[in-house]
Amino acid sequence: MKTKILLAEDDLNLGKILKSYLEAKDFNVDLYLNGEEALLGFQKNEYNIIVLDVMMPVMDGFTAAQNIRKTDKKIPIIFLTARSLEDDKLKGFDVGGDDYITKPFSMELLLARINAILRRLEHSAEDGFIKDVFDIGKYHFDFMHQDLIINKKSQKLTSKESELLKLLCQHENETLDRRIALNRIWKDDSYYNARSMDVYITKLRKYLKEDSNIQIINVHGIGFKLLTK
């Protein structure tokens, strides 16, 4: 599958040029024109890398990154900025950025930085840091095979059950924002989809009840938390 990039750049002409260049290099790119649109796009879609312009209207790149980091601690973020001040670079790293490119820059430089991050991710995956299998207390969860196992007993999960449990595992002992889950899995955070997700949460609680140390708790007004300790 193609690597999917979230690109946020308020200069429409530059954004279109970067998007076309990266797509010519076989990436899948979604372009957003401000930080708020980028954040909404992130909540509704799956991305491998995020490229954020710092100075954008409505919501700047640093603020967008801070909001993204509340729900995803690992996705790589590259900042684009016209400013080269040391304080700005330090702030970029402080809010969770992985790289920082000062404008003007060549498209080849951006491509090189993206490829360097992808190589790092590949090495991490080989070392077992990126995975689709999880140990949840006494349970073993295989996302790809939609299989939840305890004491050699297997519970087959539906696609939505698997996707929801994976999100909970990725945020283990942290709060999963219900809007993130709804937009990622149901593609819409409507009232009816929220009620549907509540039903799936109840099912997952039932599947996990054989380990009393595991809980899926409601975080009032925010979402859910998978507690394993």
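Using numbering that gives the first Met the number 0, the first residue of the sequence shown is number 0, and each one after it goes up by one. We treat Cβ as the ideally placed atom computed from N, Cα and C, and that holds for glycine.
Terminal residues of the continuous alpha helix (DSSP H) containing G60? Here the alpha helix (DSSP H) through G60 covers G60 to R68.
Given V132, which residues of its chain have a CB within under 6 angstroms of its CB, disregarding the five upstream and five downstream residues? The beta carbon of V132 is closer than 6 angstroms to those of D141 in its chain, skipping five residues each way along the sequence.
Taking the alpha-carbon of L108 as reference, which of A7, Q214, Y20 and L5 has the nearest alpha-carbon? The residue with the shortest Cα to Cα distance from L108 is Y20.
Inspect the beta-carbon positions of R112 and D98 and report whether they are closer than 7 angstroms. Yes, the Cβ-Cβ distance between R112 and D98 is below 7 angstroms.
Quick one: residues in its chain with C-beta nearer than 8 angstroms to the C-beta of N150, no 5 flanking neighbours on either side, listed in chain order? K137 and E209, listed in sequence order.
Am I right that D52 and E22 are in contact with their C-beta atoms under 8 angstroms? What's the rounded C-beta distance? E22 and D52 do not touch by the CB rule: their CB atoms are close to 18 angstroms apart, not below 8 angstroms.
Outcome for K165 when other beta-carbon atoms lying within 10 angstroms are tallied against a minimum of 16: With 16 or more other Cβ atoms inside 10 Å of its own Cβ, K165 counts as buried.
Can you give the Cα-Cα distance for Y206 and E35, rounded to whole angstroms? Distance from the CA of Y206 to the CA of E35, rounded to the nearest whole angstrom, comes to 37 angstroms.
Report the option in T174, I74, Q65 and F61 whose CA atom is closest to the CA atom of T80. Nearest in C-alpha terms to T80, of all of T174, I74, Q65 and F61, is F61.
Going straight from the alpha carbon of P103 to that of L13, what length do you get? Cα-Cα distance, rounded: 11 angstroms.
In terms of residue numbering, what span does the beta strand (DSSP E) encompassing G222 cover? G222 to L226 is the extent of the beta strand (DSSP E) around G222.
Quick check: what's the CA-CA separation for I49 versus L38? C-alpha separation (whole angstroms): 10 angstroms.
Looking at E171: is its Cβ nearer than 7 angstroms to the Cβ of L120? No, the Cβ-Cβ distance between E171 and L120 is not below 7 angstroms.
Neighbourhood of L203 by C-beta, 8 angstroms cutoff - its chain only, sequence neighbours within 5 removed: Contacts found: E160, L163, L164, L167 and I215.
Where does A81 fall in DSSP's three states? Here A81 carries a coil assignment [DSSP, helix/strand/coil].
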